[in-house]
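Undergrad: Take a look at this one; I'll ask things after.
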Amino acid sequence: MSSNTVAQFAVELKMPANVLLEQLRSAGVELKSVDDDVTDADKTRLLDSLRRAHGGSEGKKITLTRRQTSEIRQADGSGRSRTIQVEVRKKRVFVKRDPSELASDANKTAAADTDVLPESPVASVDEPDTTVQNIGVQTPAAAVDSAPEAEASVAADSHVEAAGSPVAPADEAAHTTAVDASDTPAESAASEAVGEAAAPATVSAASDQSEAPIDAEPVVQEPVADAEPELTEVKPAQKRKGKADVKTAAQPVQASAPSKAVTDAVDLGRDKARRASEAEAAALREMLSRPRKVLKAPEPDPAALSGTLHKPAGAKAAVKKDAKPGVAGAGVKKTIKASEVSSSWTDDNARKKPAQKGDAATPSRDGWRAPGGKGGKGGNRGGRNRNAQPERQEQQAVEFIARDVHVPETITVADLAHKMSVKAAEVIKHLMKLGQMVTINQVLDQETAMIVVEELGHVAIAAKLDDPEAFLDLNEGEQAEVESLPRAPVVTVMGHVDHGKTSLLDYIRRTKVASGEAGGITQHIGAYNVKTNRGMVTFLDTPGHEAFTAMRARGAKATDIVILVVAADDGVMPQTKEAIHHAKAAGVPLVVAINKIDKPGANSDRVKQELVAEEVVPEEYGGDVPFVPVSAKTGEGIEALLENVLLQAEMLELKAAVDAPAKGIVIEARLDKGRGPVATILVQSGTLSRGDVVLAGASFGRVRAMLNENGKPINSAGPSIPVEIQGLTEVPAAGDELISLADERKAREIALFRQGKFRDVKLARQQAAKLESMFDGAGEGVQTLELIVKTDVQGSQEALVSSLVKLSTEEVRVRVVHAAVGGISESDINLAIASNAVVIGFNVRAEQSAKKLAEHNGIDLRYYNIIYDAVDDVRNAMSGMLAPEKKEEVIGMVEIREVYTISRIGSIAGCMVTDGVVRRDSQVRLLRDNVVHWSGWLESLRRFKDDVKEVKSGFDCGITLKGNNDIQIGDQLEIFEIKEVARTLSS
Ligand SMILES: Nc1nc2c(ncn2[C@@H]2O[C@H](COP(=O)(O)OP(=O)(O)OP(=O)(O)O)[C@@H](O)[C@H]2O)c(=O)[nH]1
Numbered sequence: 011m012s013s014n015t016v017a018q019f020a021v022e023l024k025m026p027a028n029v030l031l032e033q034l035r036s037a038g039v040e041l042k043s044v045d046d047d048v049t050d051a052d053k054t055r056l057l058d059s060l061r062r063a064h065g066g067s068e069g070k071k072i073t074l075t076r077r078q079t080s081e082i083r084q085a086d087g088s089g090r091s092r093t094i095q096v097e098v099r100k101k102r103v104f105v106k107r108d109p110s111e112l113a114s115d116a117n118k119t120a121a122a123d124t125d126v127l128p129e130s131p132v133a134s135v136d137e138p139d140t141t142v143q144n145i146g147v148q149t150p151a152a153a154v155d156s157a158p159e160a161e162a163s164v165a166a167d168s169h170v171e172a173a174g175s176p177v178a179p180a181d182e183a184a185h186t187t188a189v190d191a192s193d194t195p196a197e198s199a200a201s202e203a204v205g206e207a208a209a210p211a212t213v214s215a216a217s218d219q220s221e222a223p224i225d226a227e228p229v230v231q232e233p234v235a236d237a238e239p240e241l242t243e244v245k246p247a248q249k250r251k252g253k254a255d256v257k258t259a260a261q262p263v264q265a266s267a268p269s270k271a272v273t274d275a276v277d278l279g280r281d282k283a284r285r286a287s288e289a290e291a292a293a294l295r296e297m298l299s300r301p302r303k304v305l306k307a308p309e310p311d312p313a314a315l316s317g318t319l320h321k322p323a324g325a326k327a328a329v330k331k332d333a334k335p336g337v338a339g340a341g342v343k344k345t346i347k348a349s350e351v352s353s354s355w356t357d358d359n360a361r362k363k364p365a366q367k368g369d370a371a372t373p374s375r376d377g378w379r380a381p382g383g384k385g386g387k388g389g390n391r392g393g394r395n396r397n398a399q400p401e402r403q404e405q406q407a408v409e410f411i412a413r414d415v416h417v418p419e420t421i422t423v424a425d426l427a428h429k430m431s432v433k434a435a436e437v438i439k440h441l442m443k444l445g446q447m448v449t450i451n452q453v454l455d456q457e458t459a460m461i462v463v464e465e466l467g468h469v470a471i472a473a474k475l476d477d478p479e480a481f482l483d484l485n486e487g488e489q490a491e492v493e494s495l496p497r498a499p500v501v502t503v504m505g506h507v508d509h510g511k512t513s514l515l516d517y518i519r520r521t522k523v524a525s526g527e528a529g530g531i532t533q534h535i536g537a538y539n540v541k542t543n544r545g546m547v548t549f550l551d552t553p554g555h556e557a558f559t560a561m562r563a564r565g566a567k568a569t570d571i572v573i574l575v576v577a578a579d580d581g582v583m584p585q586t587k588e589a590i591h592h593a594k595a596a597g598v599p600l601v602v603a604i605n606k607i608d609k610p611g612a613n614s615d616r617v618k619q620e621l622v623a624e625e626v627v628p629e630e631y632g633g634d635v636p637f638v639p640v641s642a643k644t645g646e647g648i649e650a651l652l653e654n655v656l657l658q659a660e661m662l663e664l665k666a667a668v669d670a671p672a673k674g675i676v677i678e679a680r681l682d683k684g685r686g687p688v689a690t691i692l693v694q695s696g697t698l699s700r701g702d703v704v705l706a707g708a709s710f711g712r713v714r715a716m717l718n719e720n721g722k723p724i725n726s727a728g729p730s731i732p733v734e735i736q737g738l739t740e741v742p743a744a745g746d747e748l749i750s751l752a753d754e755r756k757a758r759e760i761a762l763f764r765q766g767k768f769r770d771v772k773l774a775r776q777q778a779a780k781l782e783s784m785f786d787g788a789g790e791g792v793q794t795l796e797l798i799v800k801t802d803v804q805g806s807q808e809a810l811v812s813s814l815v816k817l818s819t820e821e822v823r824v825r826v827v828h829a830a831v832g833g834i835s836e837s838d839i840n841l842a843i844a845s846n847a848v849v850i851g852f853n854v855r856a857e858q859s860a861k862k863l864a865e866h867n868g869i870d871l872r873y874y875n876i877i878y879d880a881v882d883d884v885r886n887a888m889s890g891m892l893a894p895e896k897k898e899e900v901i902g903m904v905e906i907r908e909v910y911t912i913s914r915i916g917s918i919a920g921c922m923v924t925d926g927v928v929r930r931d932s933q934v935r936l937l938r939d940n941v942v943h944w945s946g947w948l949e950s951l952r953r954f955k956d957d958v959k960e961v962k963s964g965f966d967c968g969i970t971l972k973g974n975n976d977i978q979i980g981d982q983l984e985i986f987e988i989k990e991v992a993r994t995l996s997s
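In this note's numbering, each residue's number is its place in the sequence shown (first place is 1) plus 10.
Okay, structure coming up:
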């Protein structure tokens, strides 16, 4: 096992023979040439010599590098602290030694035998069969004995990576451990073991020179956004290991240096190194503890930076900061970039890089995730991390930007975080604080979300209930950019019973729907398209104003034009009038179809006159309503009717975007046994396509199938096209708005939320139509009180309506939307909902269904049997909206008889209340020679030394005036109060 000659031994060691020869000679082995024999004793001697000199190694090296990240905190004077992330890169070099050597060394004392390092984790992991010597040393300058502050230790840690000097003693390895808070226990143990062990046997240091300055650049870096912020404070606990002191501070052993000289140099170097390290530690401590001072980055001394193990000159006292005591001259590259350190501590905010990388002020830096979650080995301890929490929050405050966050009815944690520009973890954390364990995809309700928003210091704004835009993040501008194209008018047919509405619609449908489909009315979907020579017309196939108003009552405006059908043989009837009122209330233009002109008793002129009485004036009489005589039976005049409708439409300039997400309205919906929920949709803008995700009221779904009015499957439908869709999860209500969304999940959330919030929405609506609240919060300008009047007889109707209308003033206008004889119907209530009107029933009552509808929608339904009561009530309600008048009332007079001036208080008036009363909270006017000198408020009112609330006539008192010391004897104080007087209409 042993080599016989130096040359052979050198080969074994894989090193130049002459170098080995020299080392042997240095060790005191008398050899002449490389051909001389080397005995085991010689080898032991060489080993001892080298060990004495420092230890070291030669042979096959294994270099292990390790990177670890830790964070340190620096407290400043204001109690704030900053976090600095320190990355330390370590490189350790291990030497694979000859098994024979191992064997021989095994006989040595344990203390002397550093070759056998069974504890060495590297030995067992990487090279289990080889002897490994840890010569890689991390040099902790400040590890130095016992740097009292954690910062110092950390700084030291951040400092350093002492390159593995070939002769770096095991002590140093131990020392490294001392400052290395992030060492894994195994490593620490190993290092400690090394520390306890005697110097390692090194064959030659010469060849190590090239390797000595291994890359040991600790990078003091700014926190990286995606890096797990580890705020663990490095505590002096490390010092425990640090006790393994630096006795054997490394002195590089030049291959050529004689061993004695080397030893001396080592001692000298060690002393220097110790001094330097102490100085450096002190400097670092000072720097770290300097409170929030702008530390100008000192230009690192190049000499010091480049100091190596072999150039210990760098350890001069002058180069305090950069001295590497532990490794004095141990081929150490400068490890701390002082400029970076100082700048990062002093001017975080000014630097862009830190902000990008994960500024502590941003949530990404908050270290929410478990410490060491990323680095794993990062020596940061969870507990410390927790300690560091407040600090992060404080930092957050430093660069905090409060945002207005619009919170919709529901929002996911991720979306909410996105809106606030924080990490979802931040939101989750705050929710945890509030006792809610949530996941990133969890949906929060508006209330909770708003609390979190406020917690995070932003301004939470509740997005409007039922406002889909709030969820869609739709940019109105984007919408506006889409070109709007002319669209077909949507027409509803209204009129009295049996006047021929259905007949008219049927005729049109039968004759005007696309050829080939005429007569094949198999599918009836409540709306259809008609082609005329002038263009398309869409008919809503639910005649009567009830459906029309019911839809309006839900806030939907589906109709562009109303065809009012009046039978020429019957004339204007109650429902004709109702229809007129409903159309007018909706502001929808009318086209009158005088029907049944084929009948013998038809009298168009009478119809016209009756309609004029209802303020529906034909064009020929100077009005703006087209009148078209038609016959639904013969088809006469139908073409002209459609033409007039289209003319009217042209005037309305109806347009809609085509190339946009669809918006529409549910015309009717039902649950089909086989097909599930089926809804007839009138697309109002955009294009609805098969496969679209839609939200309709509180239901949502994907359009699985789409049929046109004839029951034919189609793939898409543009504006004014009625279609029947399948695929909704629930049956929506007629009048519900339909929108297509990009995200099904969002649609589901909104729908579900609406289902839950339905009650709230209803409640909100209920506030709308109360007589008392009618004018609450009303803005400026003329206000209108809408009324629906139903009476028992025509006479009372006229009397009541005229009395009510007469109540109108310049500020409040009374408008009777609809007045009729008869009980209060559902239709009346719907009109009231749509018009935000109050319903007055005079000697009539509401139908049961109407009553329920009114209750559900919060419609104010009032019954009277005396006209004056009704008028009084309405007058009072109108008074409520008049701004109260402010009246000033003089309540007392006070005479100033003495004036005391107290420097701390000012002028105090010694007064006598000559009239009325003076109250503490009164306003006051200072009169001097009956001229108003000053006006303001009392500051204090006293009798003797007591504060009193009021002093009555005939008593004296002390008064000070708020902000006025200019008082004189003889002045008078006029005490007055401003009273708000409710105004009445007569006032
Ligand atoms: N002679 C004649 N009869 C008509 C005409 N239009 C409708 N009718 C008849 O009038 C009656 C009522 O017609 P509908 O179309 O049902 O009237 P409506 O307005 O829809 O009635 P409701 O659905 O009850 O409101 C039917 O018997 C029709 O045949 C017409 O132009 N000429």
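Heads up, the beta-carbon is just placed ideally off N, CA and C, and yes, glycines get one too.
(1) For the beta strand (DSSP E) holding Ala472, just list the boundary residues, first then last.
(2) So does Ser835 have its beta carbon nearer than 7 Å to some heavy atom of ligand 1?
(3) Lys643: beta carbon under 7 Å from a heavy atom of ligand 3?
(4) Run through the segment 558–642 for me and flag every whole beta strand (DSSP E) of 3 or more residues, listed as ranges in chain order.
(5) Going by other Cβ atoms of all chains shown within 10 Å of its Cβ, with 16 needed for buried, is Thr149 buried or exposed?
(6) Short check: CB of Gln456 to CB of Thr420, under 8 Å?
(7) Alpha carbon to alpha carbon, what distance is there between Gly674 and Arg700?
(8) What is the rounded straight-line gap between the Cα of Met903 and the Cα of Val909?
(9) Counting only the same chain and skipping the five closest in sequence on each side, list residues whose C-beta sits under 7 Å from that of Glu899.
(10) Whole angstroms is fine: what's the gap from Pro496's alpha carbon to Val668's?
(11) Alpha carbon to alpha carbon, how far is Val733 from Asn718? Give it in angstroms, no decimals.
(12) Quick one: what does DSSP say Gln446 is sitting in, helix, strand or coil?
(13) Which residues does DSSP list as the beta-bridge partners of Gln793?
(14) Would you say Asn605 touches ligand 1, meaning its beta carbon is less than 7 Å from a heavy atom?
(15) Would you check whether ligand 1 has a heavy atom nearer than 7 Å to the C-beta of Ser889?
(16) Work out the CA separation of Pro599 and Val582 for me, nearest whole Å.
(17) Measure the alpha-carbon distance for Arg284 versus Arg61 and round it to whole angstroms.
(18) Looking at the unbroken beta strand (DSSP E) that takes in Ala706, where does it start and where does it end?
(19) I need the DSSP call for Glu857, collapsed to helix, strand or coil.
(20) State the Cα-Cα distance for the pair His866 and Asp570, rounded to the nearest angstrom.
(21) Tell me which same chain residues have a C-beta within less than 7 Å of the C-beta of Met888, skipping the five on either side of it?
(22) Whole angstroms are fine: how far does the CA of Asp58 sit from the CA of Asn14?
(23) With hydrogens ignored, establish whether the beta-carbon of His866 is closer than 7 Å to any heavy atom of ligand 1.
(24) Three Cβ pairs or more, each shorter than 8 Å: is that satisfied between the segment 640–657 and the segment 680–688?
(25) Bridge partners for Phe986 per DSSP, in chain order?
(26) Under three-state DSSP, which class holds Gly868?
(27) Looking at the unbroken alpha helix (DSSP H) that takes in Ala842, where does it start and where does it end?
(28) Between Val507 and ligand 1, is the CB less than 7 Å from at least one heavy atom?
(29) Between Val572 and Thr502, how many whole angstroms is the CB-CB distance? I'm expecting something under 8 Å.
(30) Buried or exposed: which applies to Lys9, given that a residue is buried once 16 or more other Cβ atoms fall within 10 Å of its Cβ?
(31) Put Asp682 into one of helix, strand or coil per three-state DSSP.
(32) Measuring only from the beta carbon, is Gly510 closer than 7 Å to any heavy atom that is part of ligand 1?
(33) Which of the three DSSP states, helix, strand or coil, is assigned to Lys24?
(34) What is the DSSP secondary structure of Asp508, reduced to helix, strand or coil?
(35) Under 8 Å by Cβ, that's how I've got Asp802 and Phe852 pegged, so tell me the actual separation to the nearest angstrom.
(36) Near Ser950, which residues of its chain fall below 6 Å by C-beta distance, leaving aside the five closest residues on each side in sequence?
TA: A quick look at the data gives this:
(1) For the purposes of this step, residue 472 is taken as residue 462 along the sequence shown, with counting starting at 1. Where Ala472 is concerned, the enclosing beta strand (DSSP E) stretches over 469–472.
(2) To locate residue 835, count along the sequence shown from 1; it is residue 825. Checking the Cβ of Ser835 against ligand 1 gives no.
(3) As far as ligands go, the structure on display features ligand 1 and does not contain ligand 3.
(4) The beta strand (DSSP E) runs of length 3 or more contained entirely in the segment 558–642 are, from start to end of the chain, 571–577, 600–605, 637–639.
(5) Along the sequence shown, read from residue 1 onward, the residue named residue 149 stands at position 139. A caution first: Thr149 carries a pLDDT of 37, below 50, which makes its placement in the model too unreliable to give a value.
(6) The sequence position of residue 456 within the sequence shown is 446, counting from 1. The sequence position of residue 420 within the sequence shown is 410, counting from 1. Yes, they are a contact pair.
(7) Here residue 700 corresponds to residue number 690 of the sequence shown, with the count starting at 1. Here residue 674 corresponds to residue number 664 of the sequence shown, with the count starting at 1. Taking the straight line joining both Cα atoms gives about 14 Å.
(8) Taking the sequence shown and counting its residues from 1, one reaches residue 903 at position 893. Taking the sequence shown and counting its residues from 1, one reaches residue 909 at position 899. Each residue's alpha carbon lies about 17 Å from the other.
(9) Reading the sequence shown from its first residue, position 889 is the one you call residue 899. Here the set comprises Phe986, Glu987, Lys989.
(10) To locate residue 496, count along the sequence shown from 1; it is residue 486. To locate residue 668, count along the sequence shown from 1; it is residue 658. Computed Cα separation, rounded: 9 Å.
(11) Within the sequence shown, numbered from 1, the residue matching residue 718 stands at position 708. Within the sequence shown, numbered from 1, the residue matching residue 733 stands at position 723. Per the coordinates, the alpha-carbon of Asn718 lies some 5 Å from the alpha-carbon of Val733.
(12) For the purposes of this step, residue 446 is taken as residue 436 along the sequence shown, with counting starting at 1. It is coil, neither helix nor strand.
(13) Indexing the sequence shown from 1 puts residue 793 at position 783. In the DSSP secondary-structure assignment, Gln793 is bridged to Val822.
(14) Working through the sequence shown from its first residue, we reach residue 605 at position 595. Yes.
(15) One-based indexing of the sequence shown puts residue 889 at position 879. No; taking the cut-off as 7 Å, the Cβ of Ser889 has no heavy atom of ligand 1 nearer than that.
(16) What you label residue 582 is simply residue 572 of the sequence shown in a count that begins at 1. What you label residue 599 is simply residue 589 of the sequence shown in a count that begins at 1. Roughly 18 Å between the two C-alpha positions.
(17) For the purposes of this step, residue 284 is taken as the residue at position 274 of the sequence shown. For the purposes of this step, residue 61 is taken as the residue at position 51 of the sequence shown. Computed Cα separation, rounded: 21 Å.
(18) Translated into the one-based positions of the sequence shown, residue 706 becomes position 696. Residues 703–706.
(19) On the sequence shown, position 847 is the one that residue 857 refers to. Note: Glu857 maps to coil in three-state DSSP.
(20) Mapped onto the sequence shown, residue 866 falls at position 856. Mapped onto the sequence shown, residue 570 falls at position 560. Rounded to the nearest angstrom, the two C-alpha atoms are 28 Å apart.
(21) The count along the sequence shown starts at 1 and reaches residue 888 at position 878. Closer than 7 Å at the Cβ level, and outside the excluded window around Met888, lie Leu795, Leu817, Val822, Leu995.
(22) Residue 14 sits at position 4 when you count from the first residue of the sequence shown. Residue 58 sits at position 48 when you count from the first residue of the sequence shown. Distance between the alpha carbons of Asn14 and Asp58 is about 19 Å.
(23) Walking along the sequence shown from the start, residue 866 turns up at place 856. No, ligand 1 has no heavy atom inside 7 Å of this Cβ.
(24) Output reads no: the segment 680–688 does not touch the segment 640–657.
(25) The residue labelled residue 986 in the question sits at position 976 within the sequence shown. Val900, Gln933, per the DSSP bridge assignment.
(26) As a working note, residue 868 is residue 858 in the sequence shown. Three-state DSSP puts Gly868 in coil, outside helix and strand.
(27) Here residue 842 refers to the residue found at position 832 when the sequence shown is read from its first residue. It spans 836–845 - the alpha helix (DSSP H) in which Ala842 sits, taken as one unbroken run.
(28) Start at 1 with the first residue of the sequence shown, and residue 507 comes out as number 497. Correct: Val507 has its Cβ closer than 7 Å to ligand 1.
(29) Taking the first residue of the sequence shown as 1, we reach residue 572 at position 562. Taking the first residue of the sequence shown as 1, we reach residue 502 at position 492. The pair is a contact, with the Cβ atoms about 5 Å apart (cut-off 8 Å).
(30) No information on residue 9 is available, as it lies outside the stretch 11 to 997 that the chain covers here.
(31) As a first step, residue 682 must be located in the sequence shown, where it is residue number 672. DSSP places Asp682 in strand when its eight states are reduced to three.
(32) Reading the sequence shown from its first residue, position 500 is the one you call residue 510. Under cutoff, so the answer is yes.
(33) Here residue 24 refers to the residue found at position 14 of the sequence shown. Reduced to three states, the DSSP call for Lys24 is coil.
(34) Working through the sequence shown from its first residue, we reach residue 508 at position 498. In this structure, Asp508 counts as coil in the three-state DSSP scheme.
(35) By 1-based counting over the sequence shown, the position of residue 802 is 792. By 1-based counting over the sequence shown, the position of residue 852 is 842. Right, their Cβ atoms sit about 6 Å apart.
(36) The count along the sequence shown starts at 1 and reaches residue 950 at position 940. When the five nearest sequence neighbours on each side are left out, the beta carbons in the same chain lying within less than 6 Å of the beta carbon of Ser950 are those of Thr970, in order along the chain.
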